[in-house]
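Asks: Please find one structure pasted underneath; my questions will follow.
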Amino acid sequence: MAMTWATTPDPRTCDMELDRQPAPRAEADEEADCVRRAAAGCDDSFARLVMKHQDRLLRFLVQRGCGHHDAEEICQEALVKAYRNLRRFDPRWRFSTWLFTIAQRELISRQRSRRRPMVELDNATTAATRAVEADSGENGEPPGIWKVVRSVAGAESYAAMWLFYAEDMTVKEIARVLGRSGIWVRVNMHRARKAL
-6 MAMTWATTPD PRTCDMELDR QPAPRAEADE EADCVRRAAA GCDDSFARLV MKHQDRLLRF
54 LVQRGCGHHD AEEICQEALV KAYRNLRRFD PRWRFSTWLF TIAQRELISR QRSRRRPMVE
114 LDNATTAATR AVEADSGENG EPPGIWKVVR SVAGAESYAA MWLFYAEDMT VKEIARVLGR
174 SGIWVRVNMH RARKAL
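Sequential numbering from -6 applies to the sequence shown in this note's numbering.
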């Protein structure tokens, strides 16, 4: 299935400004409004959501150990599932939390069906991996810090750390994405920090 949302949304049909940097609360309200419009059939609103979250979702999947090709497929499948199920979206959660949960479950499903090990991060020399390392350097962190975290923390703890620091998710949102309790998230992040 080849669905593409690479077009730029038309602000006239969705009544949204393109160049504005909203405050966090205003951004959440704007995103919720965009989800409502997309659920009502506004393809431009869904295209806006895709543009906002697609790269972050792809980086998350690559960081989870997917090869770039698999990450793109899982990302695309997660976006298609989100589009088909927009009416089921619970507005108590951020859209990104819901989308990352869909992608996480799709990743687990693929891992189970293939019964083969995932590509190690050190071997994944993709553009997405290089972009993550470049982003880390721009934020004042040493390049490759995520490789160190991955070697010290387990896969699940690493995912929790990535979602917290790179994706700015709350502990509650991380727990929902990973299917764990908030206590588990806090304890494992603490252990990973202590090990670092």
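Just so it is clear, CB atoms sit at the ideal spot from N, CA and C, and this is done for glycine as well.
Just to confirm, is the Cβ distance from Leu92 to Ala64 under 8 Å?
Replies: On the sequence shown, residue 92 is found 99 positions in, with the first residue counted as 1. On the sequence shown, residue 64 is found 71 positions in, with the first residue counted as 1. Contact flag unset, no.
Asks: Considering only C-alpha positions, which residue in the set Ile167, His61, Ser174, Arg173 is nearest to Arg87?
Replies: Translated into positions along the sequence shown, residue 87 becomes position 94. Comparing Cα positions, the closest option is Ile167.
Asks: Using only alpha-carbon positions, find the residue among Ala159, Leu51, Val145, Arg105 that is nearest to Asp184.
Replies: Reading the sequence shown from its first residue, position 191 is the one you call residue 184. Residue identity differs from the one stated: residue 184 is Arg in this sequence, not Asp. Nearest option by C-alpha distance: Val145.
Asks: Pick helix, strand or coil for Ser174, following the three-state DSSP scheme.
Replies: Looking up residue 174 in the sequence shown gives position 181. If DSSP states are grouped into helix, strand and coil, Ser174 belongs with coil.
Asks: Please report the distance separating the alpha-carbon of Met182 from that of Val55.
Replies: Working through the sequence shown from its first residue, we reach residue 182 at position 189. Working through the sequence shown from its first residue, we reach residue 55 at position 62. In a straight line, the C-alpha of Met182 is about 20 Å away from that of Val55.
Asks: Just how far apart, CA to CA, sit Ile138 and Arg107?
Replies: Start at 1 with the first residue of the sequence shown, and residue 138 comes out as number 145. Start at 1 with the first residue of the sequence shown, and residue 107 comes out as number 114. The alpha-carbon atoms of Ile138 and Arg107 are separated by roughly 30 Å.
Asks: State the Cα-Cα distance for the pair Val142 and Phe53, rounded to the nearest angstrom.
Replies: Within the sequence shown, the letter at position 149 stands for residue 142. Within the sequence shown, the letter at position 60 stands for residue 53. So the alpha carbons of these two residues sit roughly 14 Å apart.
Asks: Relative to the alpha-carbon of Gln69, which residue among Leu50, Arg81, Gly58, Ala21 has its alpha-carbon at the smallest distance?
Replies: Locating residue 69 in the sequence shown gives position 76, where the first residue counts as 1. Cα-wise, what sits closest to Gln69 is Leu50.
Asks: Can you give me the Cβ contacts of Ile67 inside the same chain, cut-off strictly under 7 Å, excluding the 5 residues immediately before and after it?
Replies: Counted from its first residue, the sequence shown places residue 67 at position 74. Cβ within range, chain order: Leu54, Cys59, Ala96, Glu99, Leu100, Arg103.
Asks: Who are the Cβ neighbours of Val178 in its own chain at under 6 Å, not counting the five residues just before and after it?
Replies: Taking the first residue of the sequence shown as position 1, residue 178 is located at position 185. Hits under 6 Å: Ala153, Val164, Ile167, Ala168.
Asks: What's the C-alpha gap between Phe39 and Ala21?
Replies: For this step, residue 39 is matched to residue 46 along the sequence shown. For this step, residue 21 is matched to residue 28 along the sequence shown. One C-alpha to the other measures close to 15 Å.
Asks: If we call anything under 8 Å between Cβ atoms a contact, is Val170 one with Thr90?
Replies: Looking up residue 170 in the sequence shown gives position 177. Looking up residue 90 in the sequence shown gives position 97. The answer is yes: Cβ separation under 8 Å.
Asks: Would Asp37 be called buried (16 or more neighbouring beta carbons within 10 Å of its own) or exposed?
Replies: Here residue 37 refers to the residue found at position 44 of the sequence shown. Buried, because 16 or more other Cβ atoms sit within 10 Å of the Cβ of Asp37.
Asks: Considering only the alpha carbon of each residue, which of Ala159, Ser150, Arg173, Leu156 lies closest to Lys187?
Replies: Counting from one through the sequence shown, the residue named residue 187 turns up at place 194. Taking only the C-alpha atoms, the option nearest Lys187 is Ser150.
Asks: Buried or exposed: Leu156, going by 16 or more other Cβ atoms within 10 Å of its Cβ?
Replies: Translated into the one-based positions of the sequence shown, residue 156 becomes position 163. With 16 or more other Cβ atoms within 10 Å, it is buried.
Asks: Asp26 to Glu160, Cα distance in whole Å?
Replies: The residue given as residue 26 occupies position 33 in the sequence shown. The residue given as residue 160 occupies position 167 in the sequence shown. Taking the straight line joining both Cα atoms gives about 21 Å.
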